[in-house]
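So the mapping is simple: the UniProt record's numbering equals the position in the sequence shown, first residue as 1, plus 5. Backbone N, C-alpha and C define an ideal beta-carbon position, used for all residues, glycine too. Quick caveat, the model's predicted, so the values are computed rather than measured.
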Amino acid sequence: IDRYAVVGYPIQHSWSPFIHGLFAKQTGQAMSYTRLAVTPENFERDVGAFFASGGKGLNITVPHKQSANIVTRYRTPRAEIARAVNTLVWRNDGLLGDNTDGAGLVIDLTRNLGFDIAGARILLLGAGGAARGVMGPLLAAAPECIEIANRTKQRAVELAEEFELLGTVRGCTFEDVSDGVFDLVLNATSASLQDDIPPIPRTAIGPATLCYDMAYGKGDTAFTRWSKTVGAGRAETGWGMLVEQAAEAFLLWRGMKPDTKPVLEAIKAQA
Ligand code: ATR
6 IDRYAVVGYP IQHSWSPFIH GLFAKQTGQA MSYTRLAVTP ENFERDVGAF
56 FASGGKGLNI TVPHKQSANI VTRYRTPRAE IARAVNTLVW RNDGLLGDNT
106 DGAGLVIDLT RNLGFDIAGA RILLLGAGGA ARGVMGPLLA AAPECIEIAN
156 RTKQRAVELA EEFELLGTVR GCTFEDVSDG VFDLVLNATS ASLQDDIPPI
206 PRTAIGPATL CYDMAYGKGD TAFTRWSKTV GAGRAETGWG MLVEQAAEAF
256 LLWRGMKPDT KPVLEAIKAQ A
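Set out below in structure tokens:
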């Protein structure tokens with residue numbers, strides 16, 4: 006039986022075993038999928054041991070996504086652009102690193118939520134690893150612009166500069182977000198984890214705005230709850246992105262794409 010796992014620290018709350026378990030059942034694939042708690046000091050050693058003992062693939066989560074490329078021999082272009090790896094694939098000639106996070110977000114927005122990224126005015130909140138990971142795939146879908154707003158202005162400006170050849174991108178603080186309503190406001194800060202919301206102007210959000218939190222939890226996050234009170238047309242948490250990035254990893258490992266809809270319904274019912 007082919008073995009897979011998710012590696013992180015902490016890892017006990019990861020939904021990945023649940024998701025991949027349902028994918029395997031649905032597609033009739035014989036595979037196991039477990040959780041591995043691995044600290045940064047032991048990352049190289051433990052990942053090496055997993056593959057040396059016949060493991061076929063790993064998902065990589067906090068805090069290892071930025072350092073996971075040290076164990077790879079090859080990386081996909083989207084992993085290079087994100088400068089982060091969330092999926093490792095065993096190959097006879099060396100490990101392949103991919104990043105399916107941005108694709109997962111874009112698939113959730115377009116296919117599941119019916120949002121048209123082409124021509125959209127996007128406000129991206131945050132300029133850390135989570136924000137960088139989605140920039141390439143979002144820009145590839147040709148939005149009108151992406152404005153990156155961050156608490157630390159310098160980080161937003163640097164991230165915008167890094168991607169300026171791929172589209173219209175601007176970095177700023179929460180205070181100097183451009184006037185007018187955005188089509189999509191995407192929360193990629195870790196503020197939700199502290200039940201906090203970034204201080205963005207209410208005028209950025211209108212009845213046609215989709216507010217999307219890349220974080221997820223039981224019901225609303227602080228950001229989706231606040232979005233609704235200021236009149237957002239729609240507010241969604243990141244469950245869809247989580248399931249879709251997993252489906253992209255599954256495709257890479259098993260050569261087939263599972264049906265994500267029943268899995269997303271199951272996870273929302275159980276969370
Ligand atoms: P991740 O990999 O989750 O993106 P990160 O690289 O540490 O983690 O980035 C965290 C992001 O959340 C940053 O954009 C951070 O802002 P700073 O760059 O100013 O640190 C943002 N962030 C964290 N807590 C926040 C809060 N309470 N309010 C607003 N932004 C916050």
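Test item: CB-CB of I127 and L171 under 8 Å: Not closer than 8 Å, so no.
When E180, I205, A125 and T32 are compared against I151, the one with the closest alpha-carbon: Cα-wise, what sits closest to I151 is A125.
Pairs of beta-carbons, one from the region 163-170 and one from the region 182-199, closer than 8 Å: are there three or more? The region 163-170 makes no contact with the region 182-199, as fewer than three CB pairs between them are under 8 Å.
Which residue from R156, M219, P22 and N117 puts its Cα closest to that of A254? That would be P22, whose Cα lies nearest to the Cα of A254.
Contacting residues, own chain, Cβ-Cβ under 6 Å from V52 (five flanking each side not counted): Cβ neighbours of V52 within its own chain (closer than 6 Å, five residues either side excluded): V76.
Quick one: does the C-beta of F175 sit closer than 7 Å to a heavy atom of the ligand ATR? Residue 175 is actually Arg in this sequence, not Phe. For the ligand ATR, not one heavy atom lies less than 7 Å from the Cβ of R175.
C-alpha distance - Y79 paired with G211, whole-angstrom precision: Spanning the two alpha carbons is a distance of roughly 43 Å.
Nearest-angstrom Cα separation, counted from G176 out to M261: Roughly 38 Å separates the two Cα atoms.
Does the beta-carbon of P263, which I'm using as the reference point, lie nearer than 7 Å to any heavy atom of the ligand ATR? Flag unset: Cβ of P263 not near the ligand ATR.
Contained alpha helix (DSSP H) runs [length at least 4] in the region 102-154, N- to C-terminal order: DSSP runs (the alpha helix (DSSP H)) wholly in the region 102-154: 106-112 and 134-145.
Closer than 7 Å by C-beta to G243: which residues in its own chain qualify, once you throw out the five before and the five after it? Chain order, please. Only D218, M219, A220 and Y221 meet the Cβ criterion.
For the ligand ATR, I want to know if A132 counts as a neighbour, meaning its beta carbon is within less than 7 Å of at least one of the ligand's heavy atoms. At least one heavy atom of the ligand ATR lies closer than 7 Å to the C-beta of A132.
With a 10 Å radius around its C-beta and 16 neighbouring C-beta atoms as the bar for buried, classify E241 as buried or exposed. Result: buried.
For L189, count the other beta carbons within 10 Å of its own beta carbon; 16 or more makes it buried, fewer makes it exposed. Which is it? It counts as buried.
Option in F55, G109, A123 and S72 with minimal Cα separation from V173: According to the sequence displayed, residue 173 carries Thr and not Val. Of F55, G109, A123 and S72, the smallest CA-CA separation from T173 is found for A123.
Can you pull the DSSP bridge partners for R259? Paired residue(s): none; R259 is not in a bridge.
Among L129, T115, K61 and K70, whose alpha-carbon lies nearest the alpha-carbon of N97? Ranked by Cα distance from N97, the options L129, T115, K61 and K70 are led by K61.
Straight-line gap, G245 to L269 (C-alpha atoms, nearest Å): So the two alpha carbons sit approximately 7 Å from each other.
Where V43 and D106 are concerned, what is the direct C-alpha to C-alpha distance, given to the nearest angstrom? Each residue's alpha carbon lies about 21 Å from the other.
Cβ of D201 within 7 Å of any heavy atom in the ligand ATR? Flag set: Cβ of D201 near the ligand ATR.
Identify whether D98 lies in helix, strand or coil by the three-state DSSP scheme. It is coil, neither helix nor strand.
Consult DSSP for E241 and reduce its assignment to one of helix, strand or coil. E241: strand per DSSP, three-state reduction.
Buried or exposed: A54, going by 16 or more other Cβ atoms within 10 Å of its Cβ? Burial call: exposed.
Going by DSSP in three states, T32 sits in which element: helix, strand or coil? Correct three-state label for T32: helix.
The beta strand (DSSP E) spanning D7 covers which residue range? Counting along the chain, the beta strand (DSSP E) containing D7 begins and ends at D7 to G13.
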